[in-house]
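Participant: Numbering (UniProt numbering), first residue to last: 1 to 1263. The beta-carbon is built from N, C-alpha and C at its ideal position, and this holds for glycine as well. Got a structure here, written out as structure tokens. Questions coming.
So this is what it looks like as structure tokens:
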């Protein structure tokens, strides 16, 4: 036994005989290094390994094999260099051979007990698996050698004796699991779980989850998988293995990638589908199988696999398999792009020659990565500038060198687990906003930014997010970024130092979801360490390849239960959410219109899950309503605004649908964007008013509809989009008007005309409440700002005498009258009266102050009005008007104002002339009357309030005695004075001491009668003309509203008819070789009606099947970046001053004001307009007849701008409207000598003008 140790030792051993190498001369240095103690010990272990493997080849006895196997394992653990020697000595082949012969009985003089033999066999098998696992662990070359030259198939065959032996079966499965995970503490797992009740298996497997780690040898798991069909009646084995695989996939992303690479998806899916009715499969087992399918599909599926899964989801009777729908729903949410998976020590590097340093102009580094396991460091980027640092830029070297760019960690202590989708190094610094746009392109984009239409790759959510961000930027920044998006990012391809992605970096296999170790050097690129290149074919991309958006649309069409509808809607929305290809395809086939038609037919199946699925795709966020917005305007306009659809759903869904308007407009943090960029483009108020006139909503939902209209009125307060539609509706419906007999009842049958007046009254009440409770559209500046503004106005008046008129042209004095009362304080008081008198200091006393700026007086009186109202109504009203106000302060303000006004009234003749303006006097009258009315109802009046009333009465009496004030206003002041005197002297029995003669009109009786008569005549004519004008205007509005209603109903009916006829999308799916080919369908063919030269028909067309033909028009930029819409409220609108307007009745003739009623344009060609080629316009149209033998069929001949059209089954009536031939008078359809056919198929043919070469004498057009 000691012969191996007594063999002469050598410092150098021959290499493997399988490697032919030429001997190299040995230098003295090498001799010295070989004689080092550590190298000597290593060489001893290498020689011992060689001898042990050779002994194992010749050993026959089981005990001897155990000793040799133990020795090999010990040597391998002492030094990892012996792993390579073990492989070179054909160690893998030897241990596989030993494993296959363990059950072969050998003749021996000593007969051992059967239990001992069985134990020795299991121990030998365990050592073999341990040696194989240790030899391949962290040794890439050994792993590759085993897979390529030995193979797991050989290992599987060698295990057959163990599998067929009941005693060793569970232990053999444990060895395979331990080999896969490089952890032999799990070798007894299956044998331990064998004695546990089936219901408790899940709990015990969960206890083992903490010991599960990265898969080291996936081939061992594949052997386990292949053994399952051989034991169909073993539920414990199936359940435990499925559970282990599912938990392994959840441990790490790398495990998930490896399991997908094993090709388990196809067999697992077949087992899941074929054994659905098998009684031996428990419910728990099917659930864990479904869960495992979801884990695997999370990494995607190939096009072939996806096609097969969708095929199996539809049964032979066109019903849906709900279990498969659940699997598809989970798989289509997969978002993994092509990427590199890096574990522990792993690097990807790029070598550039002749480099003197970093680019002199700067550089940009961008990377898409996901960190699964990392050290304690925090990185927060996501396209946003997180931090800046000032550091000296590296200076270039004097000589060119080799530069290496490395991504990863090449240290032996590396423990990171992360994934990289793409990375770029660009030899120029990009703009501050460009990285944000690149981030919105998403990790699926792997191009080089050379496309001029990068916005094409944006999804709906990304485009909306970017637009919301742009709405917060300055106009210059918006223009710059929008230009880059529309015309491409300014990055020359030569400026890209390197671009790291699957297609350009490393060797990638062709099969989707395949992973392959990368260790190569190609064109300066090098990958080293544990790098896995993963090609993830997401299910939504595979859906686009097998049929596009029509595939999930077909599933929705076949749904027959609420659960099926909600799941199929989820499949559709998930296939569109992150795939710009499917989004384009959905728009191309007019999928949203088709979806609306399908949902109308299945409105009773729509539950809350279906509703939330649809509206979350559109942009609503039901978990956080304040994050709600509109991301997909096409779907929102076609589906969310289809009130007829949602009015046929359940009451709770109707309620949530109507409430979402309030959420978007009021509750969302993006309400400004929703209003300005989204809802302002859809004519929402006109839509709501149309719905209001229909009998679609009832009960509580009717009030919710009114609430939605209230919210729209408050926020979308646009003249053309909101105010004008409401006023027109009220004018047309507030009074009962007889229905026009000429209007066809079939057209207005959708309108609820019985309650039109009651509904209009509710709209009027809502409209008035909004106007009454609406907040001011101006800001309330602080007193300091107001005082400075008044001083600025005073300076402008001194510099330019015409400033007052210019300021009035922009409604400046009116704005001051509205804003100044809320900012009034002592400083504003001084500045206002200084502006009034045209001096900087109003404290000095002059004999006769002169009023320089009388336009400020209404603002001063308005401030007095507010102060008096605050005092009169008490502290509660004051708080309602101004939360920062105080009743005592208001009394001081009013008292100071009255004292200043009384002093000016008594000392300044020019101030008294200001009240010749009736408007100015009326402002004081309103303040005086409001204050007196408030005090008359007060239970108690303080002395200070009485003092304030005395000053107010004194000022009013001086105005009443002044000749500048109008006579009627004098009488009004007298009446208020008498009431005020009674309020002040309420406890006294004395009457008013004011003499009415002081304010009496002193004109003669004759002059009074003549003036009254002239006034009555002028007033009567004015009233008559005004009433006539109002009646004329109402008639115009009523006609316009009726036309609008008729147009809306006809458009609604035509849109539904057109969308219902859209069947082209279904043809590729159900036709021959389609995804769901109709079985047993007999296909017929016929000659095409198109005739060539000599009227010959040579082309065949399908009889009964439609050929898919979609018209692709120019892109509408639905996922493009839009420049923000400016806020109208931030702009000044110049109003026409009063003296520029004419108030004569002759100038307000109804004929000149018909613009109040919007001219409703009737589209008489709506029936055929959708058949036109994109961009074409109808130039001429005529009714014709197609004559075939003795049969004739009516049709239309349409001359477009670019094409010629022939459409069957349609005619043009006497009014020029296109209608169905069946609805037309017979006089239009008579062709002498022919039999009229009206029930034929309506076809449409079109030819470009450049293909029309001959027009014969028989009026025959030859394409």
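1. Between residue 461 and residue 663, which are expected to be in contact by the criterion C-beta below 8 Å, what is the C-beta distance as a whole number of angstroms?
2. Here's a check: name, in chain order, each residue in its chain whose Cβ is nearer than 8 Å to the Cβ of residue 770, leaving out the five neighbours to either side.
3. So who's on the other strand from residue 972, going by DSSP bridges?
4. Quick check on this structure: which residue in 497, 295 and 486 has the alpha carbon closest to the alpha carbon of residue 364?
5. Cα-Cα, which of 1217, 40 and 731 is closest to residue 1039?
6. By a C-beta neighbour count over all protein chains shown, 10 Å radius and 16 as the cutoff for buried, is residue 354 buried or exposed?
7. Buried or exposed: where does residue 1270 fall if 16 or more other Cβ atoms within 10 Å of its Cβ makes it buried?
8. Write down the C-beta distance between residue 319 and residue 467 rounded to the nearest angstrom, noting that I regard them as a contact closer than 8 Å.
9. With a CB to CB cut of under 6 Å and the five nearest residues on each side skipped, what residues in its chain are close to residue 253?
10. List the endpoints of the continuous beta strand (DSSP E) containing residue 419.
11. Using a Cβ-Cβ cutoff of less than 6 Å, which residues in the same chain neighbour residue 966 once the five nearest sequence positions on both sides are dropped?
12. Is residue 1185 helix, strand or coil by DSSP?
13. What is the rounded straight-line gap between the Cα of residue 449 and the Cα of residue 424?
14. Just to confirm my understanding: we take residue 271, look at its own chain, exclude 5 residues before and 5 after, and list those with CB closer than 8 Å. What are they?
15. Rounded to whole angstroms, what's the CA-CA distance from residue 124 to residue 116? Just pull it up for me.
16. On the premise that residue 552 lies in contact with residue 579, defined as a C-beta separation below 8 Å, what is that separation, rounded to the nearest angstrom?
17. Where in the stretch 624 to 698 do unbroken runs of the beta strand (DSSP E), each at least 3 residues long, occur, reported from the N-terminal end onward?
18. DSSP on residue 1103, reduced to helix/strand/coil?
19. What separation, rounded to the nearest whole angstrom, lies between the Cα atoms of residue 610 and residue 616?
20. Report yes or no: do three or more beta-carbon pairs, one from the stretch 485 to 497 and one from the stretch 426 to 444, lie closer than 8 Å?
21. Under the DSSP definition of a beta bridge, which residues are partnered with residue 1056?
22. Within this structure, are the beta carbons of residue 538 and residue 666 separated by less than 8 Å?
23. For residue 81, which residues from the same chain have a beta carbon less than 8 Å from its beta carbon, with the 5 sequence-adjacent residues on both sides left out?
24. So what does DSSP say about residue 1200, is it helix, strand or coil?
25. Return the first residue and the last residue of the beta strand (DSSP E) that residue 920 is part of.
26. Alpha carbon to alpha carbon, how far is residue 331 from residue 312? Give it in angstroms, no decimals.
27. Which residues mark the beginning and the end of the beta strand (DSSP E) in which residue 1082 is found?
28. Just reading off the alpha helix (DSSP H) that residue 246 is part of, what are its end residues?
29. Kindly list the residues whose CB is nearer than 6 Å to the CB of residue 128, restricted to its own chain and excluding five residues on each side of it in sequence; keep chain order.
30. To which residues of the same chain is residue 179 closer than 6 Å at the C-beta, ignoring the five residues directly before and after it?
31. Considering only C-alpha positions, which residue in the set 281, 725, 251 and 303 is nearest to residue 265?
32. Which residue marks the beginning of the beta strand (DSSP E) containing residue 525, and which one marks its end?
33. DSSP three-state label for residue 1248, please.
34. Using 8 Å as the threshold, is the C-beta distance between residue 342 and residue 418 below it?
35. Mapping DSSP to helix, strand and coil, what is residue 1220?
36. Thinking C-alpha only, which one of 930, 1060 and 1027 is nearest residue 980?
Facilitator: Let me lay it out:
1. No, residue 461 and residue 663 are not in contact; Cβ-Cβ is about 18 Å, not under 8 Å.
2. The residues are 710, 713 and 714.
3. Its beta-bridge partners do not exist; DSSP assigns none.
4. Among 497, 295 and 486, the Cα nearest to that of residue 364 is on 497.
5. With distances taken between Cα atoms, residue 1039 lies closest to 731.
6. By the Cβ-count criterion, residue 354 is exposed, with fewer than 16 other Cβ atoms from all chains shown falling within 10 Å of its own Cβ.
7. Since the displayed the chain opens at 1 and closes at 1263, residue 1270 lies outside it and no answer follows.
8. Rounded to whole angstroms, the Cβ separation of residue 319 and residue 467 is 42 Å, and the two are not in contact under 8 Å.
9. Take residue 253, set aside five residues on each side of it, and the residues of its chain with a beta-carbon closer than 6 Å to its own are 372, in chain order.
10. Taken as a continuous stretch (DSSP letters only), the beta strand (DSSP E) holding residue 419 covers 417 to 426.
11. So the list reads 918, once near-sequence residues are dropped.
12. Three-state result, residue 1185: strand.
13. Between the alpha carbons of residue 449 and residue 424 lies a distance of about 11 Å.
14. Counting only Cβ-Cβ distances below 8 Å, and skipping sequence neighbours, we find 289.
15. Using only the alpha carbons, I get a separation of about 12 Å.
16. Rounded to the nearest angstrom, the Cβ distance from residue 579 to residue 552 is 11 Å, too far for a contact under 8 Å.
17. Taking only runs of at least 3 residues, no beta strand (DSSP E) segment lies wholly in the stretch 624 to 698.
18. In the structure shown, residue 1103 falls within a strand segment according to DSSP collapsed to helix, strand and coil.
19. Rounded to the nearest whole angstrom, the C-alpha separation of residue 610 and residue 616 is 10 Å.
20. Short answer: they touch.
21. Residue pairing by DSSP leaves residue 1056 without any beta bridge partner.
22. Their beta carbons are not under 8 Å apart, which means residue 538 does not touch residue 666 by this criterion.
23. Taking residue 81 as the centre and dropping the five residues before and after it, the same chain places the C-beta of 42, 45 and 46 closer than 8 Å to its C-beta, in chain order.
24. Assigned with DSSP and collapsed to three states, residue 1200 falls in strand.
25. That residue, residue 920, is in no beta strand (DSSP E); its alpha helix (DSSP H) goes 918 to 936.
26. Looking at the backbone, the Cα of residue 312 and that of residue 331 are separated by about 15 Å.
27. Per DSSP, residue 1082 belongs to no beta strand (DSSP E) and is neither H nor E.
28. Start and end: 235 to 251.
29. Excluding sequence positions up to five before and after residue 128, its CB lies within less than 6 Å of the CB of 95 and 99, all in the same chain and listed in chain order.
30. Excluding residues within five positions, the ones whose Cβ falls inside 6 Å are 129, 133, 217 and 220.
31. Selected option, being the one with the closest Cα: 303.
32. For residue 525, the enclosing beta strand (DSSP E) covers residues 525 to 535.
33. In the structure shown, residue 1248 adopts extended strand secondary structure according to DSSP, grouped into three states.
34. Residue 418 is positioned such that its CB atom lies closer than 8 Å to that of residue 342.
35. Strand, per DSSP.
36. Of the listed residues, the one whose Cα sits closest to residue 980 is 930.
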